[in-house]
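Visitor:
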Amino acid sequence: MSIGMDKKCNRLFYNAKEIYKTLKLMMEIEVMFGAFKNVLDADRPYLSDDYKIEGWMLINFISLIFYYRIYKPLVEKSLLNTYSVKDVLLHLSRIYKLKIGNEWLNSEIPKKTRNLINKLEIPTT
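Here it is as structure tokens:
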């Protein structure tokens, strides 16, 4: 527990609900760092140039935004017991766009992927 958190929890004028909310927020931050490290493999920047580090940080920030755009519907639809964000990304990676002549078409979508898309209400166009 950090010093700031320890001071906040020791104050008598904070009620249990506020302390719980703060602890829950800390857990959400830990989950975010876990996703950053384990799912996005973004915990090791082997870069020496400041511009490269800034670019690396920007790309990983955008990746986290997309991660939580997938995570949120999983939570809202109570699907986290069945699917992880990594599972969703794996399923969605099986969908291809094909250019036939001058027209772009979706490839055939596997049944499990189609079921997941329907559960999450993801448009496929």
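Quick note on numbering: the working numbering labels position 112 of the sequence shown as 1502, and the sequence is numbered without any gaps. For every residue, glycine included, the Cβ atom is placed at its ideal position computed from N, Cα and C. Nothing here was measured: the structure is a model prediction, and the numbers come from that model.
Would you check if there are 3 or more beta carbon pairs closer than 8 Å linking the stretch 1475 to 1492 to the stretch 1445 to 1465?
Guide: yes
Visitor: Can you tell me whether DSSP reads residue 1510 as helix, strand or coil?
Guide: helix
Visitor: On the criterion of 16 or more Cβ atoms from any shown chain inside 10 Å, does residue 1457 qualify as buried, or is it exposed?
Guide: buried
Visitor: Using CA atoms only, rank isn't needed, just tell me which of 1487, 1452, 1513 is closest to residue 1422.
Guide: 1452
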